[in-house]
Amino acid sequence: ANPDCHIISDRAISILDYLIDRIQISLDAVVKDLGTSFHINSIHGLTQSMTRCLLDIASGMSQNLININKDDWRRRLEIIVTLNQKLIHFVLEVLAGKQSFESCPSFAEMGVALNSLISTGQEQEDGTLSTSPEFQLLLSWCWLNVKESCSCLGEVSSLVAANGGTSISMLSDIGEIFVKVLTTCRHKGAVEGSRHGLHHFCSYLISSGVADFTEIPCTILQQILVSLSHNSLSSSATRRSAGLPIFIHTVIQAVYKNGNKDLLMSTVDHLYNVASQQLPTDYSQNQDMSQGHALNILKTIFCDASLATKLLPLLSKMTVLVVKGFDSPSWSIRNAATQLISTLVVRIFGQKSSEDASSGMSLEDFSTQYPQLVQFVCEMMTEYSKANTTVKPSLYIVLTLLSQLAMSPLDQHSCS
1 ANPDCHIISD RAISILDYLI DRIQISLDAV VKDLGTSFHI NSIHGLTQSM
51 TRCLLDIASG MSQNLININK DDWRRRLEII VTLNQKLIHF VLEVLAGKQS
101 FESCPSFAEM GVALNSLIST GQEQEDGTLS TSPEFQLLLS WCWLNVKESC
151 SCLGEVSSLV AANGGTSISM LSDIGEIFVK VLTTCRHKGA VEGSRHGLHH
201 FCSYLISSGV ADFTEIPCTI LQQILVSLSH NSLSSSATRR SAGLPIFIHT
251 VIQAVYKNGN KDLLMSTVDH LYNVASQQLP TDYSQNQDMS QGHALNILKT
301 IFCDASLATK LLPLLSKMTV LVVKGFDSPS WSIRNAATQL ISTLVVRIFG
351 QKSSEDASSG MSLEDFSTQY PQLVQFVCEM MTEYSKANTT VKPSLYIVLT
401 LLSQLAMSPL DQHSCS
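Heads up, the sequence shown is in full-length UniProt numbering, so the first residue is 1 and it goes up one at a time.
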């Protein structure tokens, strides 16, 4: 046995245990009094260091440079997962203030919650929320900790799975944490930061080849899709579905890269059906409807160039769906349709050259590749000509499609 191995192992574990203890102490301090203790208990830096230390130890173990008892290693991983879980839940509760975070508090409501923690008792002269450096520091503290904890959980997931034992339940808990963050957070930086951890989580589990691991992200995906169908996802009309599209797209992408194409098509088909549903009579303009969520998710999926070839046959019916969405009475659906149509136009006609304004797809090619869409455009133009009103939002999109067409080479020759 290499005598240096024990020295390296002891030092590595000592550093990891120190970081775990520091995070626990800091977390206890901020839970007790966040307003006065967050300045000296940043935590996210410790979390980042702990993640790096974990990966270094795991690398050393794979090279037989570090020897750690399997049960001790599992226990430490469980502690780390629990710490990150507690920290994320605490931050989300702080941002929610007096209400449940599942209700998706607005930025203003989150500002009120944070402002109450650092308020000196003197009201702002203009009645607005505090924009002091202390307020901004606390806000950054919250989002940085969510981001780093999600990144840590993403890296830890592969270590938990490789260690066996109670990994299934622990990995399911990690997946639920990602769902909670990505479906309730509004902050773009936190959502994008969580994407990194989620990508590691999904990619490892799906590529592991272990059926129990592969089912975890896929099961969560199906649960989200069912909730979407029942319109049971809470959200605000200004969030563009927050991290919901990111979660679904990340799972689909990981499965697709692993060779399974069926999940992509079944998910897109499900989203299409949800987006096609009629609005309920009691819908609210202050809430995102499931139809709007579905369009936002479809936008993220169709933006992925690696999936473009497989999705090509669906462009016609998706464009028809989006054009109809522009005439919806719901603002959130019209907004989601606006986001998606630009992606579909690029997928259909390609990126048009700014140097050659005459470049584009000929009518003959357009009719050959998208006959359903051509028929729909003709029907819509006939309908517009008979309409009594001059305001028809979908007309703009139909004209946009027509503007992308160019003369065929034969027509250009005849004109010359």
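Ideal placement from N, C-alpha and C gives every residue a C-beta, glycine not left out.
Every value quoted in this text rests on a predicted model; they were computed, and no experiment measured them.
{"Query": "Taking the continuous alpha helix (DSSP H) assigned at G189, which residues delimit it?", "Result": "K188 to S207"}
{"Query": "How big is the Cα-Cα spacing for S236 and V181?", "Result": "Model confidence at S236 stands at a pLDDT of 49, short of 50, so the residue's coordinates are unreliable; what they give is reported in the following sentence. Roughly 15 Å separates the two Cα atoms."}
{"Query": "Keeping to the same chain, check which residues put their C-beta closer than 6 Å to that of S167; ignore five residues upstream and five downstream.", "Result": "V160 and A161"}
{"Query": "Can you have a look at Y396 and say buried or exposed, based on whether 16 or more other CB atoms are within 10 angstroms of its CB?", "Result": "exposed"}
{"Query": "Under 8 Å by Cβ, that's how I've got G292 and I333 pegged, so tell me the actual separation to the nearest angstrom.", "Result": "5 Å"}
{"Query": "Between the C-alpha atoms of I13 and L264, what's the straight-line distance to the nearest angstrom?", "Result": "42 Å"}
{"Query": "Mind checking who L405 pairs with in its DSSP beta bridge?", "Result": "M361"}
{"Query": "Does the Cβ of T400 have 16 or more other Cβ atoms within 10 Å, making it buried, or fewer, making it exposed?", "Result": "exposed"}
{"Query": "With C-beta atoms as the reference, is N145 less than 8 Å away from V210?", "Result": "no"}
{"Query": "So, at 6 Å on beta carbons, what are the nonlocal neighbours of A29 in its own chain, with the 5 sequence-adjacent residues on each side left out?", "Result": "S37 and N41"}
{"Query": "Would you identify the three-state DSSP class for P329, choosing helix, strand or coil?", "Result": "coil"}
{"Query": "For F213, name the three-state secondary structure that DSSP assigns.", "Result": "helix"}
{"Query": "Which class does G175 belong to by DSSP, given the choice of helix, strand or coil?", "Result": "helix"}
{"Query": "Helix, strand or coil for N145? Go by DSSP, reduced to three states.", "Result": "helix"}
{"Query": "Looking only at its own chain, which residues have a Cβ that is under 8 Å from the Cβ of C303, when we skip the five neighbours before and after it?", "Result": "T343"}
{"Query": "Please determine, among G175, V322, S394 and H89, the residue with the shortest C-alpha to C-alpha distance to T219.", "Result": "G175"}
{"Query": "Out of curiosity, what's the CA-to-CA distance linking V191 and S276?", "Result": "27 Å"}
{"Query": "Closest by CA to G35, which one among H89, V94, A58 and I206?", "Result": "V94"}
{"Query": "Buried or exposed: where does S403 fall if 16 or more other Cβ atoms within 10 Å of its Cβ makes it buried?", "Result": "exposed"}
{"Query": "CB-CB under 6 Å to A1, same chain, minus the five flanking residues each way: which ones, in chain order?", "Result": "Note that A1 scores 47 on pLDDT, short of 50, meaning its location in the model is unreliable; the coordinates nonetheless yield the value given after this. Result list for A1: empty, nothing under 6 Å."}
{"Query": "Could you tell me if R52 is buried or exposed, where buried requires 16 or more neighbouring beta carbons within 10 angstroms of its beta carbon?", "Result": "exposed"}
{"Query": "Exposed or buried, which one is L16 when buried takes at least 16 other CB atoms within 10 Å?", "Result": "buried"}
{"Query": "Ignoring anything shorter than 4 residues or poking outside the segment 39-64, list the alpha helix (DSSP H) runs there in chain order.", "Result": "44-62"}
{"Query": "For K188, I'd like the list of residues in its chain whose CB is within less than 7 Å of its CB, leaving aside the five on either flank, ordered along the chain.", "Result": "none"}
{"Query": "Please name the residue in T47, Y204, N84 and N115 whose C-alpha comes closest to that of D173.", "Result": "N84"}
{"Query": "Since C303 is in the alpha helix (DSSP H), which residue starts that stretch and which ends it?", "Result": "S290 to C303"}
{"Query": "For D28, which three-state DSSP category applies?", "Result": "helix"}
{"Query": "Tell me the rounded alpha-carbon separation between I80 and I43.", "Result": "13 Å"}
{"Query": "I need the DSSP call for V391, collapsed to helix, strand or coil.", "Result": "coil"}
{"Query": "I need the DSSP call for K352, collapsed to helix, strand or coil.", "Result": "coil"}
{"Query": "S306: buried (16+ other C-beta within 10 angstroms of its C-beta) or exposed?", "Result": "exposed"}
{"Query": "Between the Cα of T250 and the Cα atoms of S169, F178, T281 and C202, which residue gives the shortest distance?", "Result": "C202"}
{"Query": "Considering H249, what are the terminal residues of the alpha helix (DSSP H) in which it resides?", "Result": "L244 to K257"}
{"Query": "Whole angstroms is fine: what's the gap from D10's alpha carbon to N273's?", "Result": "57 Å"}
{"Query": "Taking the alpha helix (DSSP H) that Y272 falls in, what are its first and last residues?", "Result": "D262 to A275"}
{"Query": "Within 10 angstroms of the Cβ of I25, are there 16 or more other Cβ atoms? Answer buried if so, exposed if not.", "Result": "exposed"}
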